[in-house]
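The block underneath contains the structure these notes are about, expressed in structure tokens.
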Amino acid sequence: MISYDFTKQAEKEFLKLPKDIQRRIIKKIESYLKQPNPLRFAKRLTGTVEPCFRFQIGDYRVIFDWEKDKILIIKVGHRREIYR
Numbered sequence: 000m001i002s003y004d005f006t007k008q009a010e011k012e013f014l015k016l017p018k019d020i021q022r023r024i025i026k027k028i029e030s031y032l033k034q035p036n037p038l039r040f041a042k043r044l045t046g047t048v049e050p051c052f053r054f055q056i057g058d059y060r061v062i063f064d065w066e067k068d069k070i071l072i073i074k075v076g077h078r079r080e081i082y083r
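The sequence shown begins at 0 in numbering that gives the first Met the number 0 and counts up by one.
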């Protein structure tokens, strides 16, 4: 299984979310990463210097960078605020 980690900023954003949303996001990320091709559930973001992707989990977005056997979560937040 591919592992995941948070940047310090993403972890702070994540911990500000309600506990039920946190559990939902973690559960969904882990289910995506168990799949043979987790990027199938992601969308590549345009207009970024580095190739970044996002998972859509209800009204929340998880923006991440894909490394060999790991994803690095860069931002987590509500869809209204995440792209600002």
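Beta carbons are placed, not taken as given, at the ideal position from N, Cα and C, and that holds for glycine.
Run of the alpha helix (DSSP H) containing residue i, from where it starts to where it stops
i: Arg22; result: Lys18 to Leu32
i: Lys74; result: Taken as a continuous stretch (DSSP letters only), Lys74 belongs to no alpha helix (DSSP H), being part of the beta strand (DSSP E) at Lys69 to His77.
i: Glu12; result: Lys7 to Lys15
Reference residue i; option with closest CA among the options
i: Ala41; options: Glu80, Gln34, Arg53 and Pro35; result: Arg53
i: Arg39; options: Ala9, Gln21, Trp65 and Glu12; result: Trp65
i: Ile1; options: Gln21, Pro37 and Cys51; result: Pro37
Residue i in three-state terms, based on DSSP
i: Arg39; result: helix
i: Tyr82; result: coil
Proximal residues to residue i (C-beta, below 7 Å), its chain only, five neighbours per side dropped
i: Tyr3; result: Ile28, Leu32, Lys69, Ile70 and Ile72
7 Å Cβ cutoff met for residue i and residue j
i: Val75; j: Glu12; result: yes
i: Asp58; j: Arg78; result: yes
Where the beta strand (DSSP E) through residue i begins and ends
i: Tyr59; result: Tyr59 to Trp65
i: Ile56; result: Cys51 to Ile56
Neighbourhood of residue i by C-beta, 8 Å cutoff - its chain only, sequence neighbours within 5 removed
i: Ile24; result: Phe13, Leu16, Ile56, Tyr59, Val61 and Val75
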